[in-house]
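**Q**
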Amino acid sequence: RNNKPVHEKGYTTQLIGADAVKYINEQSPNKPFYLYLAFNAPHTPYQAPKEYVDRYPNIADLTRRTYAGMVTCLDDEIGKVVAALDKKGLRENTLIIFNSDNGGTTNAMFAGQMADLSKTKLPCDNGPYRDGKGSLFDGGTLVCALANWPGHIKAQTVKGLIHAVDIYPTLAKLAGASTEKCKPLDGVDVWDTIAEDKPSPRTEFIYNVEPFRGAVRQGDWKLIWRTMLPSSVDLYNLAEDPYEKNNVAAAHPDKVAEMQARLETAGKESAKPLALLWIGQTAMKSAIPLLPTDEGLYTDDDADPAPPKIANEH
C-alpha cells in the first residue's frame, strides 16, 4: 500500500474491495479522481471463503463450485464500491468501466502451481469461442466488458472493436486532458462507440507479437501466425466464422501475405519481452548456446545480463 508491502489476513478480493471503498470515502466531492481497481479473482488458485462456496450446493464439482463462489464474492465487492459512490453522492458523475484481461482457463498449464490436477477440473467455459487463456483464438482474447455512467450511456450492446489500450485516450479526452505531448499512443478515443454505438475508429488489433507467434485482426480478417517449426498460418473471416473453425489461409494467399507483413512491421517496432531479454542476455554472458539467430532477441546492450529496468518516461 502506497508503495510499501503490507501483510493483512483475509481474502484478497475482500481486502482489495475494502481498500477501494476506503479510498472513495476519503475523496472530496469537488475534486476529480481516478481509481484503477485490479481484482485478482477469479484467477488461480481456486479458493473462496466457505460461506461463498456453500451458496452453490447444486454444483457437484468442487472446483467449479469454488469458482462460482469466487465470482460471487467479486460481484459483492464491486457492489460495495458502487454503493460507496452512491453514499458520497458521486454516482451520477462517475464513469465505471469493467473488463476482464483474458478468456477463461481451459488449458491445464494455467491451472496454477498449487493445483492438484488429479483433483482439479478446470472450471471455465468460454461458450462457443475457441480455446482460452494463453491462446490467440477468441476464447482467450475476446473478453467481457461494460461501461456505466448514468445519463451519458445508452442501455445497449456495443459490437464495435475496442482494445484495452483505447481506455487511456478515451478517459483523457473525457477529462479534458491533452495527450499531444505523450509519446505516440496505440490507443484511440472510442467514447462515441461506447456511449452511442457509433462505428469504432479502431480497425485493427495487434493481439500478440512474440518471438515465435503473433496475431493480427484487420476488419473481419484475423491471422494467427506460428513461426516455431513446423510453422503454421491460420486465417479466419470472423464475420462468417466467429468461432474460428474454418481456416481459409490457403484460399487467400494475398491476404495472408499482407497481414504477415503487418506483423513483421509490428515486431520490428515492438519492445522485446523482458523475461526473454534477460534469459538471452544471461545465456550470452555464460556462453550458453541458444538458437543461432537469437541475437535478434536481446537488448541494445547485449553484454549486460541484468534484467532491463522499467521506467515511466511520460
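Residue numbers (the working numbering): 850 to 1163. From the three backbone atoms N, C-alpha and C, an ideal C-beta is built for every residue, glycine too.
If A996 and I927 are in contact, beta carbons under 8 Å, what's the gap, nearest whole angstrom?
**A** Not quite, the Cβ-Cβ distance comes to about 14 Å (not below 8 Å), so this is no contact.
**Q** In whole angstroms, give me the CA-to-CA distance for K1104 and H1012.
**A** 23 Å
**Q** Suppose only complete runs of 4+ residues qualify. What are the alpha helix (DSSP H) ranges in the segment 1068 to 1095, listed by chain order?
**A** Given a length threshold of 4 residues, the segment 1068 to 1095 has no whole run of the alpha helix (DSSP H) inside it.
**Q** Inspect the beta-carbon positions of D1069 and L1084 and report whether they are closer than 8 Å.
**A** no
**Q** Under the rule that 16 or more other beta-carbon atoms within 10 Å means buried, what is S1081, buried or exposed?
**A** exposed
**Q** Taking 8 Å as the cut-off, decide whether the C-beta atoms of G1000 and G1063 are in contact.
**A** no
**Q** I'd like the list of long-range same chain contacts for A1098, defined as Cβ closer than 7 Å, with 5 residues on each side in sequence excluded.
**A** V1082, D1083, L1084 and V1105
**Q** Whose C-beta lies closer than 6 Å to the C-beta of Y1017 among residues of the same chain, with five residues either side of it excluded?
**A** G1036
**Q** By DSSP, does E1058 sit in helix, in strand, or in coil?
**A** This sequence places Val at residue 1058; Glu is not what is there. Strand.
**Q** Identify the continuous alpha helix (DSSP H) that holds N874 and give its terminal residues.
**A** T861 to N874
**Q** Figure out for me which residue from K970, V1014, E941 and G976 has the closest Cα to the Cα of I1002.
**A** Checked all of K970, V1014, E941 and G976; the closest Cα to I1002 is E941.
**Q** For R850, which residues of its own chain have a beta-carbon under 8 Å away from its beta-carbon, when the five flanking residues on both sides are left out?
**A** D868
**Q** Exposed or buried, what is D987 when buried is set at 16 or more other beta-carbons lying within 10 Å of its beta-carbon?
**A** By the 10 Å Cβ count, D987 comes out buried.
**Q** Can you tell me the Cα-Cα spacing of T1042 and L1010, whole angstroms?
**A** 9 Å
**Q** Just how far apart, CA to CA, sit Q876 and T1052?
**A** 38 Å
**Q** In the structure shown, what three-state DSSP assignment does G1063 receive?
**A** strand
**Q** To the nearest angstrom, how far is it from the Cα of L939 to the Cα of Y883?
**A** 12 Å
**Q** Where DSSP assigns a beta bridge to A1164, which residues make up the other side?
**A** In the structure displayed, the chain extends from 850 to 1163; residue 1164 sits before or after that span and is not available.
**Q** By the three-class DSSP mapping on this structure, what secondary structure does E941 have?
**A** helix
**Q** Secondary structure at P1141, three-state DSSP: helix, strand or coil?
**A** In this prediction, P1141 scores a pLDDT of 41, lower than 50, which makes its location untrustworthy; no coordinate-derived value is stated.
**Q** I'd like to know whether the C-beta atoms of G952 and L991 end up nearer to each other than 8 Å.
**A** yes
**Q** Flag this pair as yes or no: are the beta carbons of Y895 and T912 separated by less than 8 Å?
**A** yes
**Q** So is K858 in contact with chain D if we call contact Cβ pairs under 8 Å?
**A** No chain D is present in this structure, which holds just one protein chain.
**Q** Taking only the alpha-carbon atoms, compute the straight-line gap between I865 and K936 and give it to the nearest angstrom.
**A** 19 Å
**Q** Use the C-beta contact count for S1027: other C-beta atoms within 10 angstroms, 16 or more gives buried, fewer gives exposed.
**A** exposed
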